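Position 65, counted from 1, in the sequence shown is what the working numbering calls 65; the numbers after and before it change by one each time, with no gaps.
Glycine residues also receive a C-beta, built at the ideal position from the N, C-alpha and C atoms.
Quantities reported herein were computed from a predicted structural model and do not represent experimental measurements.
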Amino acid sequence: TGSIRPVVNQVKFSPVCYRRALLDACRRQDVLVEAYSSLGTGRYLTNTTVQRVARRVGRTPAQVLLRWCLQHELLVIPKSTHQERIAENAQLFDFTLSPQDMAELDALDRTKGTSQASERHIVRGALRRARAVIPPRRTS
1 TGSIRPVVNQ VKFSPVCYRR ALLDACRRQD VLVEAYSSLG TGRYLTNTTV
51 QRVARRVGRT PAQVLLRWCL QHELLVIPKS THQERIAENA QLFDFTLSPQ
101 DMAELDALDR TKGTSQASER HIVRGALRRA RAVIPPRRTS
């Protein structure tokens, strides 16, 4: 049992990984949620719903996904190595998504609102890759 309460919980969070129960639990404990992989490392940018909302609001899919995070009161720090995308990703405060837009994006959730972590597949993949490059131990 620790004596210092956590202030921030950094988790994979996006419309596709919208873990409402986790968000609610953190809010009850006054813990901020910081979203990582909000763009799905680029995979979510081509989602038809995300693209439809982006066209409707006149923004890029990345801006829509990041704005979704802000409207759910998540901390979000997008990653990019391209200067123009970094500038573009900062243009989030001069528009809002409508309740209809938010509902459409919320409906993309594949976690069923769970509070459980969805990173198990990442850990399994990393272990598989490590086993492929690290020779097995000899037991002789």
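Proximity below 7 Å, CB of leucine 66 to CB of leucine 92: yes
Opening and closing residue of the beta strand (DSSP E) in which leucine 142 lies: Not covered by the structure: residue 142. The range shown for the chain is 1 to 140.
Paired residues, beta bridge with glutamine 10 - DSSP: Assignment of beta-bridge partners to glutamine 10 by DSSP yields Glu34.
Environment of aspartate 101 [buried if 16+ CB atoms lie within 10 Å]: buried
Proximity of tyrosine 18 and aspartate 106 at Cβ, strictly below 7 Å: yes
Coil, strand or helix - valine 16 by DSSP: coil
Close Cβ partners of glutamine 10 (< 7 Å) along its chain, the five nearest in sequence each way excluded: Glu34, Tyr36
When Thr46, Thr81, Ala54 are compared against serine 98, the one with the closest alpha-carbon: Ala54
Bridge-paired residues (DSSP) for valine 143: A query on residue 143 cannot be resolved here, the shown segment of the chain reaching from 1 to 140 and no further.
Burial state of proline 6, where buried means 16 or more other Cβ atoms lie within 10 Å: exposed
Counted within 10 angstroms of its Cβ, other Cβ atoms place serine 3 as buried (16 or more) or exposed: exposed
Rounded separation between leucine 108 and aspartate 24 - CA only: Approximately 18 Å, taken between the alpha carbons.
Per-residue burial, arginine 110 [other beta carbons within 10 Å of its own, 16 or more giving buried]: exposed
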